[in-house]
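Q:
2 protein chains.
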Amino acid sequence: MRHMETFRLIEAVARAGSIRKAAEDAGLTASALNRRIARFEDEFGARIFERLARGVRLNSAGELVLQHYRAQRSDMARVQSQVADLKGVRRGHVTIACSQALLPYFMPEQIARYRREHPGVTFAVKVRDRARAEEELAAMRSDLALVFEPELMVDFEVLHQIPQPVCAVLAPDHPLAARDEIRLRDCLDHPHIAPAAGYGVRYLLDMAARRGSRQVEPVVETESFELIRHYVLHEGVVGFQIPIGLRPGGTSGLTVRPVAARDVPPGLMLLGQMKGRVLPVATSRFATQLVQALGE
Amino acid sequence: MRHMETFRLIEAVARAGSIRKAAEDAGLTASALNRRIARFEDEFGARIFERLARGVRLNSAGELVLQHYRAQRSDMARVQSQVADLKGVRRGHVTIACSQALLPYFMPEQIARYRREHPGVTFAVKVRDRARAEEELAAMRSDLALVFEPELMVDFEVLHQIPQPVCAVLAPDHPLAARDEIRLRDCLDHPHIAPAAGYGVRYLLDMAARRGSRQVEPVVETESFELIRHYVLHEGVVGFQIPIGLRPGGTSGLTVRPVAARDVPPGLMLLGQMKGRVLPVATSRFATQLVQALGE
DNA sequence: AGGATCGGTGCATTCAATGCACCACTGGAG
DNA sequence: CTCCAGTGGTGCATTGAATGCACCGATCCT
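Okay, here's the thing in structure tokens:
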């Protein structure tokens, strides 16, 4: 869309922090870009950039303008998607930011199921922790977010939520594998492997451990859930996961036992969108499917 | 705002039903406008106008585009208003579509009260019947609507509602003026003056009369509530109004008596906005004031 | 048949956007 | 301090996208 060129450039300048840099990236001269911005500020009626000695920075008016542009851009995408829909083309593109736990089983299954019925719809799956996922939504770089225990910003509109108890993941020959339910203190007494700080599971574990005057002291700390699942098969340590990230049948050679809910309260897996946005057709349908799948 | 010129022209063409007419109005040639539209359709990826023998008409894709433009325009106005606000200018413009009954007392009072605290805010008050008021909101030509018994379209978001009983308006020497409450059949037995079809009061009266196998047969039928209020002083007829359109004290020389609620159920006065819109600062504050005033 | 009105198109023109060269200013390194 | 690198801002010539003009073919109404 030709008419939002200026907005696109404004966004580029805001990102680069400098008119010259942004101009170079955009393939035009600094003077041209400078004048575009000056002209926009004239028409708009207010400065949108603070002029610093070493560059520029968006002021609060500029933040509002940028937010407006992003909303407008995403709405235009929605309109195009709806038009494509009524042309019978049945195309679309769904962008979703989700927690790592959904990568092995849940998301692949859901996307495959959807694409079986709508092969024209393409997907972008971004892996974001709970804080970054909400940023994605706010900047409208993603249409949906499916995250575990997010910090719930004001702009996050919850479409569905399900509780997810924290589970211990063990090799079948681990001493704790015999029990049906495991206490947190038993996990902490054994060597354990845990996600790094910032992840929902770790957050719940830290809170619970502190309540029992204990500490989570993992022998291995990692950002990869996949590493956790595989590592417990190599060394007799206790791993932690949530059920949605584990194969339901348990054919993967892992033993899964819930950690006592009275020790570690279940966290919430939330499906959400940017508040007030009208989602494109394909996205909206996919969200509906997710809600249904989560409900089962 | 320069960048939505094309959208503005598209709207003009849609309204005029002809590229040539719209071009003339806009002060450019038909060929230029034609090409602008063709270029937009190219970029957009779909036709937005049906080409007819005698002109053009928006197709459904075009309707979506126009709706997008209106939403975007109103959001830009909101952004500018917020920026003006944080510049300390405290300016703004409130556009409200309302029923005729609010013109004599309610709206003047409310606007004056608001402007006493915010002299920089200007107002546009459009008088629209209940059907047209919702059109105004949908096309974003008005920010708020305060209407009696609207038909409640899907895009109408109710901010507040209060019941309004239908009242008989009489000269003090009218035979019915002696009673505290008046039955509908008594009104219909006397000569009466009523609003034209399409107005909320008339709608309620028609429904109620039909239930009693009677008919509303006014000696004078008018679109002006003001005429009704004044006419009852000239001829001994029964007029109909809702309380919010009458002076509370009753110093206007009129006698007001409620029509029995078991005959004519009270209608609803609804304050609403376009669903999902973020209102400009000034408008939002004014809406809050209206809600409070209606609550009293 | 014929006039009126419509959308669409080829070609010359124009003016707004751009590139270039340059200025003034700032901050940090030598 | 000087000097340099990097920034935003400006006057002037240039260019190309948008426009106006003239014209075409189609359609509708008289």
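As you go down the protein sequences, you meet chains A and B in turn.
According to the numbering used here, the first sequence is numbered sequentially starting from 134.
According to the numbering used here, the second sequence is numbered sequentially starting from 134.
Using N, Cα and C, we set each Cβ at its ideal position, and we do this for glycine too.
Given E250/B, which residues of its chain have a CB within under 8 Å of its CB, disregarding the five upstream and five downstream residues?
A: Cβ within range, chain order: n/a, list empty.
Q: Taking C-beta pairs closer than 8 Å, name the residues in chain B that D208/A reaches, listed in chain order.
A: H201, A204 and Q205
Q: Can you give me the C-alpha to C-alpha distance between P305/B and R312/B, rounded to a whole angstrom?
A: So the alpha carbons of these two residues sit roughly 11 Å apart.
Q: What is the DSSP secondary structure of K408/A, counted as helix, strand or coil?
A: coil
Q: Does the Cβ of R395/A have 16 or more other Cβ atoms within 10 Å, making it buried, or fewer, making it exposed?
A: exposed
Q: Taking K259/B as part of the beta strand (DSSP E), name the residues at either end of that continuous run.
A: V254 to V260
Q: Let me know if S232/B comes out buried or exposed under the rule of 16 or more other beta-carbons within 10 Å of its beta-carbon.
A: buried
Q: How would you call G428/B, buried or exposed, if buried means at least 16 neighbouring beta carbons within 10 angstroms?
A: exposed
Q: Leaving out five residues on either side along the sequence, give the residues of the same chain with a beta carbon under 7 Å from the beta carbon of M209/A.
A: M134
Q: Quick check: is the beta carbon of R220/B nearer than 8 Å to any beta carbon in chain A?
A: Looking at the sequence shown, residue 220/B is not Arg but Lys. So, interface residue.
Q: Given a threshold of 16 other Cβ atoms within 10 Å of its Cβ, counted over all protein chains shown, does V198/A qualify as buried or as exposed?
A: Counting of Cβ neighbours within 10 angstroms places V198/A among the buried residues, the total reaching 16 or more.
Q: Is it the case that the segment 338-346 of chain A contacts the segment 283-297 of chain A, given that we only count it when at least three CB pairs across the two stretches are under 8 Å?
A: They do not touch, by the three-pair rule.
Q: Leaving out five residues on either side along the sequence, give the residues of the same chain with a beta carbon under 6 Å from the beta carbon of P328/A.
A: V334 and R335
Q: Taking 8 Å as the threshold (C-beta atoms), are L412/A and R211/A in contact?
A: yes
Q: Quick test of your reading: T416/A and D262/A, contact by CB under 8 Å. State the CB separation rounded to the nearest angstrom.
A: Contact between T416/A and D262/A is absent: CB atoms are separated by about 22 Å, not below the 8 Å threshold.
Q: In the DSSP output, what is P328/A paired with across the bridge?
A: T355/A
Q: Locate the beta strand (DSSP E) running through R390/B, then write down its first and last residues.
A: If you look at R390/B, you'll find it in the beta strand (DSSP E) that goes T388 to P391.
Q: Is the beta carbon of E267/A less than 8 Å from the beta carbon of L401/A?
A: Going by beta carbons, E267/A and L401/A fall outside the 8 Å limit.
Q: Would I326/B and V365/B be called neighbours here (beta carbons separated by less than 8 Å)?
A: For I326/B and V365/B, yes; Cβs fall inside 8 Å.
Q: Can you tell me which of P296/B, Q215/B, T162/B and H226/B puts its alpha carbon nearest to the alpha carbon of P404/B?
A: Looking at the sequence provided, one finds Leu at residue 404/B rather than Pro. Answer by Cα proximity: P296/B.
Q: How about A194/A: is its C-beta nearer than 8 Å to some C-beta of chain B?
A: Chain B contact via Cβ: present.
Q: So that I know if they touch, is there some Cβ in chain B lying closer than 8 Å to that of G405/A?
A: no
Q: So, is S357/B buried or exposed, given that buried needs 16 or more other C-beta atoms within 10 angstroms?
A: With fewer than 16 Cβ atoms within 10 Å of its Cβ, S357/B is classed as exposed.
Q: Can you give the Cα-Cα distance for E350/B and A310/B, rounded to whole angstroms?
A: 20 Å
Q: Is the CB of R224/B under 8 Å away from at least one CB in chain A?
A: R224/B does not count as touching chain A.
Q: G188/A lies in the beta strand (DSSP E); which residues open and close that run?
A: G188 to L191
Q: On the three-state DSSP scale, how would you describe A149/A?
A: helix
Q: Tell whether a beta-carbon distance below 8 Å holds between A147/B and G195/B.
A: In this structure, G195/B lies closer than 8 Å to A147/B by Cβ.
Q: For F140/B, I'd like the list of residues in its chain whose CB is within less than 7 Å of its CB, leaving aside the five on either flank, ordered along the chain.
A: In its chain, beyond the 5 residues on either side, Y202 have a beta carbon closer than 7 Å to the beta carbon of F140/B.
Q: Measuring only the C-alpha atoms, how far is L292/A from Q406/A?
A: Looking at the two C-alpha atoms, the distance is approximately 7 Å.
Q: Mark G160/B as exposed unless 16 or more other C-beta atoms lie within 10 angstroms of its C-beta, in which case mark it buried.
A: G160/B comes out exposed.
Q: If the cut is a Cβ gap below 7 Å, which residues of chain A does M137/B touch?
A: In chain order: H136.
Q: Can you tell me whether Q213/B is buried or exposed? The criterion is at least 16 other CB atoms within 10 Å of its CB, across all chains shown.
A: It is buried - the Cβ of Q213/B has at least 16 other Cβ atoms within 10 Å.
Q: Going by C-alpha to C-alpha distance, which of A163/B, R344/B, T388/B and R246/B sits closest to R362/B?
A: T388/B
Q: If the cut is a Cβ gap below 7 Å, which residues of chain B does G178/A touch?
A: Q213
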